[in-house]
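For what it's worth, my numbering labels the leading residue of the sequence shown as 12, then goes sequentially. Glycine included, every Cβ here is placed at the ideal spot set by N, Cα and C. As the structure is a computational prediction, the values presented were derived from the model and not from experiment. What follows is a set of notes on a single structure, which appears directly below.
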Amino acid sequence: DYVIGECNPPTLVITNPTTCAPSTVDLTASSVTAGSASGLTFTYWQDSSATLALSNPAAVGAGTYYIKAVNAFGCSTVKSVLITVYPGTFNVESQTACNSYSWYGTTYSCSGVFTHEYLDVHGCASTDTLKLTIHSSDTTEQTVSSCDSYLWSVNGQTYTASGNYSRVLSNVNNCDSLIVLHLTINK
12 DYVIGECNPP TLVITNPTTC APSTVDLTAS SVTAGSASGL TFTYWQDSSA
62 TLALSNPAAV GAGTYYIKAV NAFGCSTVKS VLITVYPGTF NVESQTACNS
112 YSWYGTTYSC SGVFTHEYLD VHGCASTDTL KLTIHSSDTT EQTVSSCDSY
162 LWSVNGQTYT ASGNYSRVLS NVNNCDSLIV LHLTINK
């Protein structure tokens, strides 16, 4: 129902677009105003009063802009459109491990810088970086012959029988260090 002398604002539907950096958004794309009344003419603005024209509405970055819709009767409406540009995710972590380290399903046994590329929750290209230092475990063997008994300084125990004995300690890098005693007791 159209009353002479009155101007009914046209129906303008806005879908706020999103994209991934470094991309821009085309505000003139039909998807932005899909569902609006047919036959509208659109103009693009920096302000809600529609006084500062948007110089390049086909390539805008993150922010709030305004679309003005005018119908055949010259009636208009202005609505805001919010552009969200997601930056992607870029994480860096440093880890130190003994012998090996598992990260994103891969086990690394040497030091280095490794990357994992993926799409984040917004579908944007993302990269995680791992700065990894791997330290090794040690094995030390001692062969000793002794009369009657032997006091092993590694664990403070006195042995009276021949055999192989071992003890696990931490080395200077806090990794397991296996010390093996090959002991012969002569009686």
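Proximity below 8 Å, CB of S177 to CB of Y170: The residue given as residue 177 occupies position 166 in the sequence shown. The residue given as residue 170 occupies position 159 in the sequence shown. Taking 8 Å as the Cβ cut-off, S177 and Y170 do not qualify as a contacting pair.
Own chain, CB closer than 8 Å to Y55, minus 5 neighbours either side, in chain order: For the purposes of this step, residue 55 is taken as the residue at position 44 of the sequence shown. These residues qualify, in order along the chain: L38, T39, A64, L65, P68, Y76, Y77, I78, K79.
Which of the three DSSP states is assigned to S9 in this structure? Residue 9 lies beyond the range of the chain shown here (12 to 198); nothing can be said about it.
Mind reading off the beta-carbon distance from K90 to I25? Whole number of angstroms is fine, and I expect it under 8 Å. As a first step, residue 90 must be located in the sequence shown, where it is residue number 79. As a first step, residue 25 must be located in the sequence shown, where it is residue number 14. About 5 Å separates the two Cβ atoms, so the contact holds.
T118 versus P28, D131, L143, residue with shortest Cα-Cα distance: To locate residue 118, count along the sequence shown from 1; it is residue 107. The option with the nearest alpha carbon to T118 is L143.
Check whether the region 114-129 and the region 46-60 touch, using three or more Cβ-Cβ pairs below 8 Å as the test. no
Measure from the alpha carbon of S173 to the alpha carbon of each residue in V179, W163, P20, then state which is nearest. If you number the sequence shown from 1, residue 173 lands on position 162. S173 has its Cα closest to that of W163, out of V179, W163, P20.
Same chain only: Cβ atoms within 6 Å of P98, ignoring 5 sequence neighbours per side: Residue mapping note: residue 98 aligns to position 87 of the sequence shown, counting from 1. A32.
Sequence-distant residues of the same chain with beta carbon closer than 6 Å to N184, five excluded per side: For the purposes of this step, residue 184 is taken as residue 173 along the sequence shown, with counting starting at 1. Closer than 6 Å at the Cβ level, and outside the excluded window around N184, lie H146.
Outcome for V155 when other beta-carbon atoms lying within 10 angstroms are tallied against a minimum of 16: Numbered from its first residue, the sequence shown carries residue 155 at position 144. V155 comes out exposed.
Does DSSP put E104 in a helix, a strand or coil? On the sequence shown, position 93 is the one that residue 104 refers to. In this structure, E104 counts as strand in the three-state DSSP scheme.
Short of 7 Å in beta carbon distance, which residues of its chain neighbour D12, apart from the five on each side in sequence? Order them along the chain. As a first step, residue 12 must be located in the sequence shown, where it is residue number 1. Because the pLDDT of D12 is 49, which lies under 50, any placement of that residue in the model is unreliable, and the number read from its coordinates should be weighed accordingly. Closer than 7 Å at the Cβ level, and outside the excluded window around D12, lies no residue.
Let's test the definition: count the other Cβ atoms within 10 Å of the Cβ of L23 and tell me whether it reaches 16, buried, or not, exposed. By one-based count along the sequence shown, residue 23 stands at place 12. With 16 or more Cβ atoms within 10 Å of its Cβ, L23 is classed as buried.
Contact check, N175 vs V165, beta carbons under 8 Å: By one-based count along the sequence shown, residue 175 stands at place 164. By one-based count along the sequence shown, residue 165 stands at place 154. No; because the gap between Cβ atoms is not below 8 Å, this pair is not in contact.
Counting along the chain, where does the beta strand (DSSP E) carrying T62 start and finish? Position 51 of the sequence shown, counting from 1, holds the residue named residue 62. Annotation: T62 is outside any beta strand (DSSP E) and is labelled neither H nor E by DSSP.
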